[in-house]
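A.B. asks: For the sequence shown, position 8 (counting from the first letter as 1) is numbered 833 according to the working numbering, and the numbering increases by one without interruption. For glycine and all other residues, C-beta sits at the position ideal for the given N, C-alpha and C. If you're wondering where the values come from, they're calculated on a predicted model, not measured in any experiment.
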Amino acid sequence: MNIDRAVLAFAGTVILVSLALGNFVHANWFFLTAFVGLNLLQSAFTGFCPLAIILRKLGLRSGAAFG
């Protein structure tokens with residue numbers, strides 16, 4: 826798995842978990858969904874993703890987006 830796929834898998838998982846928590850626990854969990862969405866949007870334009878930096882340091886190989 827490369828960094829690009831790991832970032833997308835992590836973001837998708839966090840979004841789904843936060844949606845479930847927002848629906849069943851407390852509505853404030855929807856702020857986490859918004860945060861992840863905004864982070865994905867800004868990384869699409871800037872190419873900067875904090876998770877990609879962490880994954881690179883953990884040894885995952887670079888992909889096309891976060892090289």
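Determine the contact status of Gly888 and Asn827, defining contact as a CB-CB distance below 9 Å.
C.D. replies: Translated into the one-based positions of the sequence shown, residue 888 becomes position 63. Translated into the one-based positions of the sequence shown, residue 827 becomes position 2. Taking 9 Å as the Cβ cut-off, Gly888 and Asn827 qualify as a contacting pair.
A.B. asks: Do Leu876 and Ala845 have their C-beta atoms closer together than 9 Å?
C.D. replies: Position 51 of the sequence shown, counted from the start, is the residue given in the question as residue 876. Position 20 of the sequence shown, counted from the start, is the residue given in the question as residue 845. It is not a contact, given that the beta carbons lie outside the stated cut-off.
A.B. asks: Quick check: the Cα distance between Gly837 and Thr858, rounded to an integer number of angstroms?
C.D. replies: Counting from one through the sequence shown, the residue named residue 837 turns up at place 12. Counting from one through the sequence shown, the residue named residue 858 turns up at place 33. Taking the straight line joining both Cα atoms gives about 10 Å.
A.B. asks: For Phe891, count the other beta carbons within 10 Å of its own beta carbon; 16 or more makes it buried, fewer makes it exposed. Which is it?
C.D. replies: For the purposes of this step, residue 891 is taken as residue 66 along the sequence shown, with counting starting at 1. When all chains shown are included, Phe891 counts as buried.
A.B. asks: So, is Ser880 buried or exposed, given that buried needs 16 or more other C-beta atoms within 10 angstroms?
C.D. replies: Residue numbering aside, residue 880 sits at position 55 when the sequence shown is read from its first letter. The residue you asked about is not Ser; residue 880 is Leu in the sequence shown. Buried is the call here.
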